[in-house]
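Student: My questions all concern the structure below.
In my numbering, the protein residues as written are 43 to 402.
Shown next as structure tokens:
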């Protein structure tokens, strides 16, 4: 590999890393803020929240990588032109293939391997873990991690808890309002309590208190005193949807389903899209080179060519998304979905070399 090729790869890689980190960070921050309700509504511990949002990164990076690569190559080409580096290299007799095509293809191949790894392994794994975490969070009911001192919390809509002090599983000064039965809401008041788990059953054991039961129909309040009372927490657990979507299934599971003829359209489309999507990276990496076909002189303003090439890039992205969705509706289009990015790559290369030269 020549020093020139290494130089161009370094320029593209540094620009790509900056663009990818910036775009991924912005989207990740937006998704993190979007899921803040886990901290408030579901009273999730901060460590569990960050482990959840961290798992969003593979999917986000997979989405931002093609755009970041496209932008970084456009930026590097424009910088090389504005600094007159391309003119110097061409004047010195350097091959256009070695100047741009070779380093772009080498770097794109590396990104392709990364995207295949993300698409086939890491992203399905992270989405699968997210599904399990959401199920655990939504269905975990009441535990010491969600309880807050001197603060009203509602683990579920029918229950409100206030406590004075908590020390591990030991609690003091409890006030619990239960409206599971709207016609007979219950209020539990206890001096002390503790969270107890026995034989996979979780309950709150209350000491020295009373239960006030409101009969709305007769407008009467009944009061029952107790020294010890076990409040079953199982009924306050949320029932989360356990359905696993196709993009959350591991690749090996979908392949086994296809082998056993036990799959649906969405799963068949998903497994194919995991291999098709990374191919588009070569479309987005080679497309910026057509900018030289749209400019007649090296010193010509590139505003219109950049807008034109960016529009084509946007159309290709829309086409990719549209064909991926179409494949879900009709699995028979899977061969066409492989041919489209391959055809676009061939078309770009044909346009680049149409007159025997890379640039006009």
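Where a beta carbon is used, it is the ideal one built from N, C-alpha and C, also for glycine. Just so it is clear, the structure is predicted and the values come from calculations on it, not from any experiment.
Would you tell me roughly how many angstroms separate the C-alpha atoms of residue 228 and residue 374, rounded to the nearest one?
Tutor: Translated into the one-based positions of the chain shown, residue 228 becomes position 186. Translated into the one-based positions of the chain shown, residue 374 becomes position 332. Whole-angstrom Cα-Cα distance: 59 angstroms.
Student: Taking its Cβ as the centre, do 16 or more other Cβ atoms sit within 10 Å of residue 194, making it buried, or is it exposed?
Tutor: In the chain shown, counting from the first residue as 1, residue 194 sits at position 152. It counts as exposed.
Student: Less than 8 angstroms between the C-beta atoms of residue 171 and residue 216, yes or no?
Tutor: To locate residue 171, count along the chain shown from 1; it is residue 129. To locate residue 216, count along the chain shown from 1; it is residue 174. The answer is no: Cβ separation not under 8 angstroms.
Student: In three-state DSSP terms, what is residue 53?
Tutor: Start at 1 with the first residue of the chain shown, and residue 53 comes out as number 11. Here residue 53 sits in helix by DSSP.
Student: Please determine, among 121, 44 and 110, the residue with the shortest C-alpha to C-alpha distance to residue 344.
Tutor: As a first step, residue 344 must be located in the chain shown, where it is residue number 302. Nearest C-alpha to residue 344: 121.
Student: Over the uninterrupted alpha helix (DSSP H) stretch that includes residue 288, give me the two end residues.
Tutor: By one-based count along the chain shown, residue 288 stands at place 246. That residue, residue 288, is in no alpha helix (DSSP H); it is neither H nor E in DSSP.
Student: Going by the CB atoms, is the gap between residue 107 and residue 153 shorter than 8 angstroms?
Tutor: Taking the chain shown and counting its residues from 1, the one referred to as residue 153 is at position 111. Taking the chain shown and counting its residues from 1, the one referred to as residue 107 is at position 65. For residue 153 and residue 107, yes; Cβs fall inside 8 angstroms.
Student: Tell me the residue span of the alpha helix (DSSP H) that contains residue 352.
Tutor: For this step, residue 352 is matched to residue 310 along the chain shown. Per DSSP, residue 352 belongs to the alpha helix (DSSP H) from 345 to 371.
Student: So the candidates are 207, 237 and 293; which of them puts its Cα closest to the Cα of residue 164?
Tutor: The residue labelled residue 164 in the question sits at position 122 within the chain shown. That would be 293, whose Cα lies nearest to the Cα of residue 164.
Student: Do residue 145 and residue 47 have their beta-carbon atoms positioned less than 8 angstroms apart in this structure?
Tutor: Here residue 47 refers to the residue found at position 5 when the chain shown is read from its first residue. Here residue 145 refers to the residue found at position 103 when the chain shown is read from its first residue. Closer than 8 angstroms, so yes.
Student: Looking only at its own chain, which residues have a Cβ that is under 6 angstroms from the Cβ of residue 258, when we skip the five neighbours before and after it?
Tutor: Position 216 of the chain shown, counting from 1, holds the residue named residue 258. Hits under 6 angstroms: 225.
Student: Whole angstroms are fine: how far does the CA of residue 71 sit from the CA of residue 236?
Tutor: Residue 236 sits at position 194 when you count from the first residue of the chain shown. Residue 71 sits at position 29 when you count from the first residue of the chain shown. Computed Cα separation, rounded: 37 angstroms.
Student: Among the candidates 66, 118, 318 and 92, whose CA atom is the shortest distance from the CA of residue 176?
Tutor: Along the chain shown, read from residue 1 onward, the residue named residue 176 stands at position 134. Cα-wise, what sits closest to residue 176 is 92.
Student: Can you tell me whether residue 385 is helix, strand or coil according to DSSP?
Tutor: The residue given as residue 385 occupies position 343 in the chain shown. In this structure, residue 385 counts as helix in the three-state DSSP scheme.
Student: With respect to the beta strand (DSSP E) encompassing residue 203, which residues constitute its N-terminal and C-terminal limits?
Tutor: As a position in the chain shown, residue 203 is number 161, starting the count at 1. Where residue 203 is concerned, the enclosing beta strand (DSSP E) stretches over 201 to 209.
Student: Which same chain residues, not among the five before or five after residue 61, have their C-beta less than 6 angstroms away from its C-beta?
Tutor: Here residue 61 is taken as the residue at index 19 of the chain shown, counted from 1. For residue 61, where only same-chain residues beyond five positions count, the Cβ hits under 6 angstroms are 110, 113 and 114.
Student: Going along the chain, which residues of its own chain have a beta-carbon closer than 8 angstroms to the beta-carbon of residue 95, five neighbours each way excluded?
Tutor: Taking the chain shown and counting its residues from 1, the one referred to as residue 95 is at position 53. Cβ neighbours of residue 95 beyond the five flanking positions: 70, 73, 74 and 77.
Student: Measuring only the C-alpha atoms, how far is residue 311 from residue 268?
Tutor: Residue mapping note: residue 311 aligns to position 269 of the chain shown, counting from 1. Residue mapping note: residue 268 aligns to position 226 of the chain shown, counting from 1. The straight-line gap from Cα to Cα measures roughly 60 angstroms.
Student: Rounded to whole angstroms, what is the Cα-Cα separation between residue 266 and residue 202?
Tutor: Along the chain shown, read from residue 1 onward, the residue named residue 266 stands at position 224. Along the chain shown, read from residue 1 onward, the residue named residue 202 stands at position 160. In a straight line, the C-alpha of residue 266 is about 20 angstroms away from that of residue 202.
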